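Structure, as structure tokens:
Protein chains in written order, with this note's numbering: chain V, 62 to 389; chain S, 62 to 389.
Structure below.
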């Protein structure tokens, strides 16, 4: 089989819902294999319709359990759901995603569920772009929604969650010092605030504190079309709150569509993804010095000679970009 | 005072070693205040001579104590030392850098020591560029060495530490499961491996394991000029090992200079810093849509219309850069 027909075949099989083809594509993407890129070029026109949901929060907040309940709820609605679980193991401390493995076993036989773990230590700075590329592959394969689950300890992970259309910020009672530890920046990330372990007495207090904090005007959107960030209390033990959560997620999606926020958010996501790719390419540039990107190389030398600051070098790069731009 | 004379005055005072002027400059840099940029443009020709030392490792490894011993040793050598302490508090969990505050009190009256804490939650994705800009300011003010201390839990923090000329990877016995948790990637980061709490019996074993691991060929540099990564055991309680550590750091600096690795490393650092700045600018670009960067805007629209992938958009941006580049 020629390379071209191999690519065509793989992309057709992914579009047709072939799980093994999809798994192969995901591996190609994660390995930065050219096949992955080429197949994604074929598949990309088939993306853009899935609801990307980011889930973040401190470790031990019950995110895995919550995601499991969400999988169940989406399956009951007849929707195919993909989960990208960012394994929080750092390059220095190691660690394993036990929760993922348990979940994977539970949903293993269901063709409407696909769970992919990505170890953050393996991808390093390329984690975000790889996670986004994997999300595009799931999108092309017809999964909707696609959940990107991260642990909110590194900036990278928080950044990934904020690349979703709807982001859930998950907080359990008794982790940290309560609501005082929830910084304003984190609240701005969350489109829906989820208080897990709602059967505990402290959960009521945490939910109330979060509702009060929300009143301080930390809602997203423009002045005219504010989103009123809901606070949802869930209990996996009592199977409570999941319906409310599903309604809140659906309501946020409708709000995005109706107010035009969706277009803004999608463009922000694309811009960020391009920026990640440009950064990658620039970082890789130094490793093959005398190639096409002589412009970058000369700027590096000027900074090394202390003629210009790195900021001015970046501005010069971007100015060249704008000036070279031909009219549409 | 006019803006221009204000900038001239601030930069002269920083060069003259005025601590209050330096503190003001650091605040301007951290706030992305234009004054900070303009002053740095004046000061940048005075940078490039300081030894940037990165220190990273898991929490609880005794990094703060180690840095304190290093400050003492450098002061005894008559050198001025600056410490940039990245506060590991995440946006979601909060937290305070108690160790920093204790250190700051101890060295408060010494004009040859400057400790600056940067909260990672405050800077978000801009943490790395801000830390590097702060390092340039310390460099211009005559501090040498400059230590960038981070906790190795987020990719960002690890990335910052690897932007130094010499990076110490700090590991304490009994944290995690010993040497098994030290991944190859982390070993590659460390130019010097430090085993703290060397008075504990398990420290001997950890140091031996690290030396064995090193034999697997995880040294930096080209084939001809390999750096033989030392493993140093320190004990703050017994005041042992700091001299060896200082010698190892000095030896690494000499090795960088003598083999030409320094030039490569400095260029990699500059390239990375420019890439961070470009990424920042691209990310900010979406917030002011119809301005000069129409080229980027049109690429975003083409991706939104699913005509091209984000990767192809990034490549197009970079191709325009190279083609627009005039010969030297």
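Here a beta-carbon is modelled for each residue, glycine too, at the ideal position from N, C-alpha and C.
This one's a predicted model, so the numbers in the text were calculated from it and none came from an experiment.
- The Cβ-Cβ distance between residue 367 of chain V and residue 109 of chain S falls below 7 Å.
- When the alpha-carbon of residue 179 of chain V is set against those of V:209, V:170, V:198 and V:197, the nearest one is in V:209.
- The C-beta of residue 166 of chain S has fewer than 16 other C-beta atoms within 10 Å across all chains shown, which makes the residue exposed.
- In the displayed model, residue 301 of chain V falls within a strand according to three-state DSSP.
- Residue 226 of chain S counts as buried, since at least 16 other C-beta atoms from the protein chains shown sit within 10 angstroms of its C-beta.
- Residues of the same chain with a CB within less than 7 Å of the CB of residue 118 of chain S, apart from the 5 flanking positions on each side, are 124, 213, 230, 231 and 232 in chain order.
- Inter-segment contact for the stretch 131-151 of chain S and the stretch 301-308 of chain S is present: three or more beta-carbon pairs are separated by less than 8 Å.
- Closer than 7 Å to the CB of residue 191 of chain V there is not a single CB belonging to chain S.
- Per DSSP, residue 256 of chain V lies in no alpha helix (DSSP H); the unbroken beta strand (DSSP E) holding it starts and ends at 253-256.
- Secondary structure in the stretch 79-108 of chain S: the alpha helix (DSSP H) runs of 4 residues or longer, each lying completely within the stretch, are 80-91 and 95-104 in chain order.
- Residue 370 of chain S has a beta carbon lying within less than 7 Å of a beta carbon in chain V.
- The Cβ atoms of residue 99 of chain S and residue 74 of chain S do not sit closer than 7 Å to each other.
- The bridge partners DSSP lists for residue 230 of chain V are V:117 and V:254.
- Nearest to residue 112 of chain V by alpha-carbon distance, out of V:205, V:329 and V:380, is V:205.
- The alpha-carbon of residue 77 of chain V is positioned some 17 Å away from that of residue 97 of chain V.
- Non-local C-beta neighbours of residue 302 of chain V in its own chain, meaning closer than 7 Å and more than five positions away in sequence, comprise 259, 293, 294, 295 and 296, ordered along the chain.
- Using a CB distance cut-off of 7 Å, residue 116 of chain S does not count as an interface residue toward chain V.
- Looking at the DSSP output, residue 124 of chain V bridges to nothing.
- The closest CA to that of residue 116 of chain S, considering only S:253, S:188, S:267 and S:313, is found on S:253.
- Judged by their CB atoms, residue 142 of chain S and residue 192 of chain S are not nearer to each other than the 7 Å cut-off.
- Nearest Cα to residue 340 of chain V within the set S:321, S:374 and S:107: S:374.
- For residue 292 of chain S, the uninterrupted beta strand (DSSP E) run begins and ends at 292-294, by DSSP.
- By the neighbour-count definition (other C-beta atoms within 10 Å, threshold 16), residue 299 of chain S is an exposed residue.
- For the stretch 79-107 of chain V, the residues whose beta carbon sits under 7 Å from a beta carbon of chain S are, in order, 98, 101, 102, 105 and 106.
- CA-to-CA, the gap between residue 197 of chain V and residue 105 of chain V works out to about 7 Å.
- Between residue 257 of chain V and residue 127 of chain V, the C-beta gap is smaller than 7 Å, which places the two residues in contact.
- Annotation for residue 210 of chain V: no alpha helix (DSSP H) segment contains it, though the beta strand (DSSP E) segment containing it runs 207-210.
- A distance below 8 Å between beta-carbons, with the five flanking residues on each side excluded, links residue 103 of chain V to the following residues of its chain, in chain order: 68, 69 and 72.
- Chain V has a Cβ within less than 7 Å of the Cβ of residue 378 of chain S.
- For residue 328 of chain S, at least one C-beta of chain V is nearer than 7 Å to its own C-beta.
- At a cut-off of 7 Å between C-beta atoms, residue 374 of chain V counts as an interface residue with respect to chain S.
- A residue is called buried when at least 16 other Cβ atoms come within 10 angstroms of its Cβ; residue 291 of chain S meets this threshold and is buried.
- Taking every protein chain shown into account, the CB of residue 89 of chain S has 16 or more other CB atoms within 10 angstroms, so this residue is buried.
- Residues of the same chain with a CB within less than 8 Å of the CB of residue 85 of chain V, apart from the 5 flanking positions on each side, are 71 in chain order.
- Out of V:332, V:322 and V:80, the CA that lies nearest to the CA of residue 203 of chain V is found in V:80.
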